[in-house]
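K.L.:
Chains as they are written, first to last, in the working numbering: chain F, 1 to 262; chain H, 1001 to 1263; chain L, 2001 to 2341. Idealized CB from N, CA, C, for every residue including glycine.
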């Protein structure tokens, strides 16, 4: 099996700032981490590799600092890491991002499975996984909650929806997005970390990827952020109750009764 | 040593996983660790303190083949592990001859797995705390370890007392308190009420305000504080228990310890 | 498609709702979105915009009535056994073909797990943009473009997004963001039948079976009129007992903030917030919740918000209708007591 797991490096805190020109995230000066959902994708890749043999490559698109996240993935058990990095790639929306990642996957060659986390906690769109499937022309199975059976050429998967679950069989190559239900991600070991510091990370830019310049970056993004603002404060009057617990409870009951009568 | 906790327990923090100069930090850990053991103190190694992804004490001891003196090494163990990793840590301790564990609930992080009651074969609780972890260790690794627990004099008294009783029921053999300054009446009460050795924790950093999170109220940033003086006072006030030293400055304070030292 | 001289914006008309079926009936989110689509179409009346609902599935007879009564002007039904289960490949092929055929200007769908799987697949096949989890949709007065609003960057920012040069403009919206508009039982419209092509049925993905959730595992936060949520102030798993007691006393559901899930005090199915559920109950009682933006985003549309917190300046205390300053372990039992009487 040749598996690619897509990982994203995301801010570790929620205090981020926005570049007023591009309306994009400024990543400087905040702690960083592997997107939590991607840790599940990575663990699944490792488990499948342990079972079927083959190679596990982690792929990320981002600034140079994303190398750290790729090394963390290698410390957990990936064989090698590839970073897609270049000025023209920046500012991409999910359409352009999934295009760029799919070019990376094509360049890695002979891949038969792509696994992504459900969504990134900084963008929250959950669009990149399906976007990759569409660009590659491969089937997708999203919201995977369990790997019922796995084989060299097909997978039997359980998937969760809000309203229930389903079981499907997909022939490889395919793109999957996984939920937290699917496994328990391992923490890198000391040996793994020491090892990962010796591995070279491959870096490809837009020329290496042979991307169509019209499909990348801000210019290649069909959607554009036109403005941002702080969330509204609700236009209302808050009743503050500061007394004893029993007094506050009684006051609350009075307020609720009045409200119900209206 | 079993039963004699009356010594310095010095905290040695493993490096965080994401540090740039990892090899340097590991060397530093090994040096400090050996220094503590050579001085006749007990090295206490934390487990992902404050929810920061770090390395396990057992991993570093194995990788660097650090010496273990059964009475002079204590490992913290918290509930934020997969069952697999938990058992590996415990087996590694047994292999290496580590006998002292500080069993705590610990600080979590989105990245860490968390033990579930079903993992430990325990029913009737919705989540795993130090109590359930203790029960598991004593059940599955009977007689292998001397397990200690934490006590927080800054939490609501009744709740904390109840928790302590559960911990004792589950087999706790010693107690380490949260950092206290000079003395603390709630700790005094605990010592008078229970039959186990109680070690008080000394805050060895001049920056007393960093203790705010622990104690649950704001300590002003410029509060005057002399940790060495406080340590001396702790020894005077708690002569029969041991002292646990947190946030110690190895460069400036380690050598002073032998002067303050215990018998 | 990217707009060009040969394929201009005025080729694309109408507001489409990509409908969803749940348990043999029209999903509530589809009804919510039809109401919103009506608003949007009214603002695009100059372009002769209509509301069209596209529904894929099997044994859909009669479902169009509810779509018409909820303001669809046109309903396109694709009823085929191949669509019985949710097969992303087949659904995406059919939707893509029909969008290319009819050329809607706007297409919206529920941000359910199915919507969030299908829409991005279709958007890339159509070479157009998609904005997920919109909390607001408006028509820009000057340009007639769809203005898509959503929280971003962990919810600290509300972003407005446009898809200017590509069509259709696509968005997904979570259930509960828009309210179902009053029904017009006499509503009627044009019903169109479309089909699945044989080649669309040949896929390497086969869905074998589907199952609904059993009663226990489905925490009905969506349907609850009252939600009682525990936050970090609950302190540990045992602390949730008072939350459960209060929820039981009011016949409500138990919610949880992300911090409590991360600490393992309660399971993920209770999570309210940006990476959990968005809810819109009549009463939301936040206990020991600080009110970080990611949580507020999940419950700010609640009709009436009560917050209990030791800290009078916790963000949620400023959002609440009633802010009780106190220890939740003292206050909640008092409330529960009064309610039980």
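Can you find a C-beta in chain H that's less than 7 angstroms from the C-beta of residue 2269 of chain L?
P.N.:
Locating residue 2269 of chain L in the third chain gives position 269, where the first residue counts as 1. By this cut-off, residue 2269 of chain L is not an interface position.
K.L.:
Return the chain-ordered list of same chain residues with a C-beta closer than 7 angstroms to the C-beta of residue 1153 of chain H, the five sequence neighbours on each side being excluded.
P.N.:
Within the second chain, residue 1153 of chain H is the residue found at index 153, counting from 1. Excluding residues within five positions, the ones whose Cβ falls inside 7 angstroms are 1177, 1178, 1180, 1184, 1186 and 1187.
K.L.:
Once the 5 residues before and after residue 89 of chain F are set aside, which same chain residues still bring their CB inside 7 angstroms of it?
P.N.:
On the first chain, position 89 is the one that residue 89 of chain F refers to. Contacts found: 61, 100, 206, 216 and 217.
K.L.:
Might you give, ordered along the chain, the residues of its own chain that have their beta carbon closer than 7 angstroms to the beta carbon of residue 1131 of chain H, omitting 5 neighbours on each side?
P.N.:
Here residue 1131 of chain H refers to the residue found at position 131 of the second chain. These residues qualify, in order along the chain: 1166, 1167 and 1170.
K.L.:
Between the beta-carbon of residue 2320 of chain L and the beta-carbon of residue 258 of chain F, is there less than 7 angstroms?
P.N.:
Residue numbering aside, residue 2320 of chain L sits at position 320 when the third chain is read from its first letter. Residue numbering aside, residue 258 of chain F sits at position 258 when the first chain is read from its first letter. In this structure, residue 258 of chain F does not lie closer than 7 angstroms to residue 2320 of chain L by Cβ.
K.L.:
When the Cα of residue 1252 of chain H is compared with those of H:1206, H:1087, H:1144 and H:1084, which residue comes out closest?
P.N.:
Numbered from its first residue, the second chain carries residue 1252 of chain H at position 252. Distances from the alpha-carbon of residue 1252 of chain H to those of H:1206, H:1087, H:1144 and H:1084 put H:1206 closest.
K.L.:
With distances taken from CA atoms, which of L:2175, L:2138 and L:2140 is nearest residue 2113 of chain L?
P.N.:
In the third chain, the residue the question calls residue 2113 of chain L occupies position 113. Out of L:2175, L:2138 and L:2140, L:2175 has the C-alpha closest to the C-alpha of residue 2113 of chain L.
K.L.:
For residue 253 of chain F, name the three-state secondary structure that DSSP assigns.
P.N.:
As a working note, residue 253 of chain F is residue 253 in the first chain. Note: residue 253 of chain F maps to helix in three-state DSSP.
K.L.:
Applying a beta-carbon distance threshold of less than 8 angstroms, which residues of chain H neighbour residue 184 of chain F?
P.N.:
Counting from 1 along the first chain, the entry for residue 184 of chain F is found at position 184. Near residue 184 of chain F (Cβ distances below 8 angstroms), the residues of chain H are 1082 and 1113.
K.L.:
To the nearest angstrom, report how far apart residue 2162 of chain L and residue 2134 of chain L are at their CA atoms.
P.N.:
For the purposes of this step, residue 2162 of chain L is taken as residue 162 along the third chain, with counting starting at 1. For the purposes of this step, residue 2134 of chain L is taken as residue 134 along the third chain, with counting starting at 1. Rounded to whole angstroms, residue 2162 of chain L to residue 2134 of chain L spans 12 angstroms at the Cα level.
K.L.:
Run through chain H and tell me which residues come within less than 8 angstroms of residue 46 of chain F, C-beta to C-beta.
P.N.:
Your numbering for residue 46 of chain F matches position 46 in the first chain. By Cβ distance, chain H contributes nothing, its closest Cβ being about 13 angstroms from residue 46 of chain F, past 8 angstroms.
K.L.:
Do the CB positions of residue 2034 of chain L and residue 2091 of chain L come within less than 7 angstroms of each other?
P.N.:
For this step, residue 2034 of chain L is matched to residue 34 along the third chain. For this step, residue 2091 of chain L is matched to residue 91 along the third chain. In this structure, residue 2091 of chain L does not lie closer than 7 angstroms to residue 2034 of chain L by Cβ.
K.L.:
Helix, strand or coil for residue 1064 of chain H? Go by DSSP, reduced to three states.
P.N.:
On the second chain, position 64 is the one that residue 1064 of chain H refers to. Coil.
K.L.:
Do the CB positions of residue 104 of chain F and residue 68 of chain F come within less than 7 angstroms of each other?
P.N.:
One-based indexing of the first chain puts residue 104 of chain F at position 104. One-based indexing of the first chain puts residue 68 of chain F at position 68. Against a cut-off of 7 angstroms, the Cβ pair of residue 68 of chain F and residue 104 of chain F comes out as no contact.
K.L.:
Could you spell out where the alpha helix (DSSP H) holding residue 37 of chain F opens and where it closes?
P.N.:
In the first chain, counting from the first residue as 1, residue 37 of chain F sits at position 37. First-last of the alpha helix (DSSP H) with residue 37 of chain F: 36-52.
K.L.:
Straight-line CA distance for residue 2013 of chain L to residue 156 of chain F?
P.N.:
Taking the first residue of the third chain as 1, we reach residue 2013 of chain L at position 13. Taking the first residue of the first chain as 1, we reach residue 156 of chain F at position 156. Straight across, the Cα-Cα distance linking residue 2013 of chain L with residue 156 of chain F is about 41 angstroms.
K.L.:
For a cutoff of 7 angstroms on Cβ pairs, would you count residue 97 of chain F as touching chain L?
P.N.:
What you label residue 97 of chain F is simply residue 97 of the first chain in a count that begins at 1. It does not: the Cβ of residue 97 of chain F has no partner Cβ on chain L nearer than 7 angstroms.
K.L.:
As a quick exercise: from F:127, F:166 and F:75, pick the residue whose alpha carbon is nearest that of residue 96 of chain F.
P.N.:
Looking up residue 96 of chain F in the first chain gives position 96. Ranking the options by Cα distance to residue 96 of chain F, first place goes to F:127.
K.L.:
Name, please, each residue of chain F whose Cβ falls closer than 8 angstroms to the Cβ of residue 986 of chain H.
P.N.:
No answer is possible for residue 986 of chain H: it lies beyond the span of chain H, which begins at 1001 and ends at 1263.
K.L.:
Cβ closer than 9 angstroms: which chain H residues qualify as neighbours of residue 2236 of chain L?
P.N.:
Here residue 2236 of chain L refers to the residue found at position 236 when the third chain is read from its first residue. Simply 1105, 1127 and 1129.
K.L.:
Check each candidate in L:2087, L:2150, L:2131 and L:2045 and name the one with the smallest Cα separation from residue 229 of chain F.
P.N.:
As a first step, residue 229 of chain F is located in the first chain; it is residue number 229 there, counting from the start. Checking every option, the nearest Cα to that of residue 229 of chain F belongs to L:2150.
K.L.:
Check whether the region 2262-2271 of chain L and the region 2301-2309 of chain L touch, using three or more Cβ-Cβ pairs below 8 angstroms as the test.
P.N.:
No, the region 2262-2271 of chain L does not touch the region 2301-2309 of chain L.
K.L.:
Taking the alpha carbon of residue 1089 of chain H as the reference point, which residue from H:1030, H:1047, H:1028 and H:1069 has its own alpha carbon closest?
P.N.:
Numbered from its first residue, the second chain carries residue 1089 of chain H at position 89. Among H:1030, H:1047, H:1028 and H:1069, the Cα nearest to that of residue 1089 of chain H belongs to H:1047.
K.L.:
Got a sec? Which residues, its chain only, sit under 7 angstroms from residue 1061 of chain H by beta carbon, not counting five neighbours each side?
P.N.:
Start at 1 with the first residue of the second chain, and residue 1061 of chain H comes out as number 61. Taken in chain order, the residues that qualify are 1068 and 1096.
K.L.:
Using only alpha-carbon positions, find the residue among H:1105, H:1101, H:1116 and H:1202 that is nearest to residue 1267 of chain H.
P.N.:
Residue 1267 of chain H cannot be examined here, being either before or after the span of chain H that is shown, 1001 to 1263.
K.L.:
What residue range is occupied by the uninterrupted alpha helix (DSSP H) comprising residue 94 of chain F?
P.N.:
Numbered from its first residue, the first chain carries residue 94 of chain F at position 94. Run containing residue 94 of chain F: 94-108, per the alpha helix (DSSP H) assignment.
K.L.:
Taking only beta-carbon positions, decide if residue 256 of chain F is within less than 7 angstroms of chain H.
P.N.:
Stepping through the first chain from its first residue, residue 256 of chain F is reached at position 256. So no, residue 256 of chain F is outside the interface.
K.L.:
Does DSSP put residue 1174 of chain H in a helix, a strand or coil?
P.N.:
As a position in the second chain, residue 1174 of chain H is number 174, starting the count at 1. Note: residue 1174 of chain H maps to strand in three-state DSSP.
K.L.:
Compute the distance between the beta-carbons of residue 1072 of chain H and residue 1037 of chain H, then report whether it is under 7 angstroms.
P.N.:
Along the second chain, one-based indexing puts residue 1072 of chain H at 72. Along the second chain, one-based indexing puts residue 1037 of chain H at 37. Yes.
K.L.:
Can you check whether the CB of residue 1113 of chain H is closer than 7 angstroms to the CB of residue 1092 of chain H?
P.N.:
By 1-based counting over the second chain, the position of residue 1092 of chain H is 92. By 1-based counting over the second chain, the position of residue 1113 of chain H is 113. Not closer than 7 angstroms, so no.
K.L.:
Does the Cβ-Cβ distance between residue 2315 of chain L and residue 2227 of chain L come in under 7 angstroms?
P.N.:
Looking up residue 2315 of chain L in the third chain gives position 315. Looking up residue 2227 of chain L in the third chain gives position 227. No, the pair does not count as a contact, with Cβ atoms beyond the cut-off.
K.L.:
Quick one, which of H:1080, H:1064, H:1103 and H:1128 has its alpha-carbon nearest residue 2236 of chain L's?
P.N.:
As a first step, residue 2236 of chain L is located in the third chain; it is residue number 236 there, counting from the start. Cα-wise, what sits closest to residue 2236 of chain L is H:1128.
K.L.:
Give the interface partners of residue 1108 of chain H over in chain L, defined as CB-CB distance under 8 angstroms, in chain order.
P.N.:
The residue you call residue 1108 of chain H lines up with position 108 of the second chain. Under the 8 angstroms cutoff, chain L gives 2262, 2263 and 2264.
K.L.:
Alpha carbon to alpha carbon, what distance is there between residue 2278 of chain L and residue 1233 of chain H?
P.N.:
If you number the second chain from 1, residue 1233 of chain H lands on position 233. If you number the third chain from 1, residue 2278 of chain L lands on position 278. Answer to the nearest angstrom: the Cα atoms are 54 angstroms apart.
K.L.:
Could you tell me which uninterrupted alpha helix (DSSP H) segments, each at least 4 residues in length, are contained entirely in the region 1134-1176 of chain H, listed from first to last along the chain?
P.N.:
Within the region 1134-1176 of chain H, the complete alpha helix (DSSP H) segments at least 4 residues long are 1157-1169, listed from N- to C-terminus.
K.L.:
In chain F, which residues lie with their C-beta within 8 angstroms of the C-beta of residue 2209 of chain L?
P.N.:
Residue numbering aside, residue 2209 of chain L sits at position 209 when the third chain is read from its first letter. The contacting residues are 166 and 167.
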